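Trainee:
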Amino acid sequence: MRLAIPGSSGRSSAAGETQPAPGTGSLGGAGRLVVRVWRKSSVAGLAVYALALGGVLGLASADWATSGGYPFGGVQVGAWTAWPRAGAANSDPYTRAVNARRGEIPLAVGEGLLLTAAVDDQGQALDATCSYRIGGGTPPARAWTLTVAGRGPRDAGQPPLREGFTSTEVLRAADGRFTVVLAPEVQPGNWLPIPRASGPVRLALRLYDTPVAASVGSLDRDSVPAITRLGCAS
Amino acid sequence: MCLVSPRFVYATLIGLVLAGIVHIAAVLAIPALSEKDAVSRARTSESLDHPQPIYTVATGDDPSPPEAWLPIPDPAVAVGVCAYDLADGPMRVSARTGPLSLSLAAHARRGAFYAVTDQAAVRGALDLVILTRAQYDEALADDDENDPSRDVRIVAPDDRGFVVVRVIAGLPSQRPAANAAVQAVSCTTDTAADDPPGKEPGGKPAGR
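Chains L and R are the protein sequences, given in the same order. 44 is the number that the numbering used here gives to position 44 of the first sequence; each next residue is one higher, with no gaps. For any residue, its number in the numbering used here is found by taking its place in the second sequence, counting from 1, and adding 1000.
#1: Between L46/L, A89/L, P106/L, which lies nearest to G69/L when the distance is taken from Cα to Cα?
#2: Buried or exposed: where does N1179/R fall if 16 or more other Cβ atoms within 10 Å of its Cβ makes it buried?
#3: Mind checking if I1130/R is an interface residue toward chain L, Cβ cutoff 7 Å exclusive?
#4: When the Cα of Y1055/R is compared with those of R1043/R, G1111/R, W1069/R, which residue comes out closest?
#5: Which same chain residues end up closer than 7 Å to D1246/R when comparing Cβ atoms and leaving out the 5 residues on each side of it in sequence?
#6: Per DSSP, R229/L is paired with what?
#7: Residues of the segment 1040–1054 of chain R with a CB closer than 7 Å to any CB of chain L: list them in chain order, please.
#8: Tell me which residues share the same chain as V1077/R and place their Cβ nearer than 8 Å to its Cβ, disregarding the 5 neighbours each side in the sequence.
#9: What residues from chain L crowd round G1098/R, counting only those whose CB sits closer than 9 Å?
#10: Are the beta-carbon atoms of Y1136/R and V1155/R separated by less than 7 Å?
#11: Leaving out the 5 sequence neighbours to the left and right, which residues in its chain are closer than 6 Å to R1175/R when beta-carbon positions are compared?
#12: Which residue comes first and which comes last in the alpha helix (DSSP H) that contains Q1183/R?
#13: By DSSP, does P963/R sit in helix, in strand, or in coil?
#14: Got a sec? Which residues, its chain only, sit under 6 Å from V224/L by beta carbon, not counting five neighbours each side?
#15: Does T1044/R pass the burial test, meaning 16 or more other C-beta atoms within 10 Å, or should it be called exposed?
#16: Looking at the secondary structure, which residues open and close the alpha helix (DSSP H) in which F1008/R lies?
#17: Kindly say whether G87/L, judged by its beta-carbon, lies nearer than 7 Å to any beta-carbon of chain R.
#18: Using 8 Å as the Cβ pair cut-off and three pairs as the minimum, do the segment 85–100 of chain L and the segment 1019–1034 of chain R touch?
#19: Less than 7 Å between the beta carbons of E169/L and L1102/R, yes or no?
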């Protein structure tokens, strides 16, 4: 990238700091040379510079915005983020681009609702070396599944012991509420093993055939499972 | 004090505006240009009469196949897709309800435009017909008033798309049944473009 220095003010601030008075002669000569080269190819050079800047920045930012998860459209409910519009026909262009790049088939509004969590209730990122208690109730749904995944593709090595619980198989307390313990070591009750030794993990709660998919605003903190950190192996 | 020429600043500003335009154009173009998106990948199932399983839940010793292309699939839900091309005729999807909850969703490039679960089934059968606007008008005109069709007719926004079948296995013992339930759905192309006798099979409630 070229920095144009006009002849009249041929002293850039950086050069002025490092080389006080004696350097101005040679710097002025170099500056004049740059200015002369600049003037000669000025219009074409500026056009190429503007086009290159636009192309590179535009493509890089588009790639960045659509390479990970959905950039917009999430509704924060406690530690969870609900994605009600991920599969809708009127979803935003970024969501559509993310779905297209990942080959994802999102849940439609009439089918269910996806909630994800990457942090606990205190706002700390979920980590594979820690154990967590996920408990409480869920919004009304015909069925739900709670699954755990690390970021990125899963390891092909050994099949995981258990990846999640469904609403049918989870053990419940007498009042119908449940507690799942997400931990690296075996736990009594509903134990969800952490799928990897280290790194961030994320939880997904999928509600199937649920009325809340159409009205996510009605969800509040108490209607989704709470995620509490129990402790970490240091 | 001017350290860089105004023309350079001007060129930078133009570059940033161009970057914005390129960004928006690229994001809007990604769904149309992508070759990895679900509509393109589901294309291979167009000639099949049954959903192509894209995620079968693990049963006993059989782990889920690695060719599943859903990024983060639900391990308790079996998923199959039926691609359609409405240029060949309307697409008929018939499902029988069973003990497991089943849902059908019709997707086009812009996203899902229709979804229904087995709770909407009439007498244990769920029949969807996906058609274009012209085919819909034709079907409406051909309707027999004394014997109205029980199909659910859905007008698709595009010619191409796919129908997703999801069956939830609440318990590990239900997993083989969930995989089988996805396969039991039938996706056929109605050849309604023939002369009237050819239309008769299309009017009957489907399922075999």
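For every residue, glycine included, the Cβ atom is placed at its ideal position computed from N, Cα and C. Predicted model only: the values in this text are computed from it and were never measured.
Mentor: On the basis of the supplied data:
#1: Position 69 of the first sequence, counted from the first residue, corresponds to residue 69/L. Residue P106/L is the option with its Cα nearest to G69/L.
#2: For this step, residue 1179/R is matched to residue 179 along the second sequence. That one is buried.
#3: The count along the second sequence starts at 1 and reaches residue 1130/R at position 130. Chain L contact via Cβ: absent.
#4: In the second sequence, residue 1055/R corresponds to position 55, counting from 1. Minimum Cα distance to Y1055/R is reached at W1069/R.
#5: Residue 1246/R lies beyond the residue range present for chain R, which begins at 1001 and ends at 1208; the question has no answer from this structure.
#6: Here residue 229/L refers to the residue found at position 229 when the first sequence is read from its first residue. DSSP output for R229/L lists Y132/L as bridge partner(s).
#7: R1041
#8: For the purposes of this step, residue 1077/R is identified with residue 77 of the second sequence, where counting begins at 1. Y1055, V1057, R1166, V1167, I1168, A1169, A1178, listed in sequence order.
#9: For the purposes of this step, residue 1098/R is taken as residue 98 along the second sequence, with counting starting at 1. Within 9 Å Cβ-Cβ: nothing; G1098/R doesn't reach chain L, min ~14 Å.
#10: On the second sequence, residue 1136/R is found 136 positions in, with the first residue counted as 1. On the second sequence, residue 1155/R is found 155 positions in, with the first residue counted as 1. Their beta carbons are under 7 Å apart, which means Y1136/R touches V1155/R by this criterion.
#11: The residue you call residue 1175/R lines up with position 175 of the second sequence. Cβ neighbours of R1175/R beyond the five flanking positions: V1057, T1059, A1169.
#12: Start at 1 with the first residue of the second sequence, and residue 1183/R comes out as number 183. It spans 1175–1184 - the alpha helix (DSSP H) in which Q1183/R sits, taken as one unbroken run.
#13: No statement about residue 963/R is possible, as the shown extent of chain R runs from 1001 to 1208 and does not include it.
#14: For this step, residue 224/L is matched to residue 224 along the first sequence. These residues qualify, in order along the chain: V77, G78, W80.
#15: Along the second sequence, one-based indexing puts residue 1044/R at 44. T1044/R should be labelled exposed.
#16: Counting from one through the second sequence, the residue named residue 1008/R turns up at place 8. Here the alpha helix (DSSP H) through F1008/R covers 1006–1033.
#17: If you number the first sequence from 1, residue 87/L lands on position 87. Taking Cβ atoms only, chain R reaches closer than 7 Å to G87/L, which makes this a yes.
#18: yes
#19: The residue labelled residue 169/L in the question sits at position 169 within the first sequence. The residue labelled residue 1102/R in the question sits at position 102 within the second sequence. Their beta carbons are not under 7 Å apart, which means E169/L does not touch L1102/R by this criterion.
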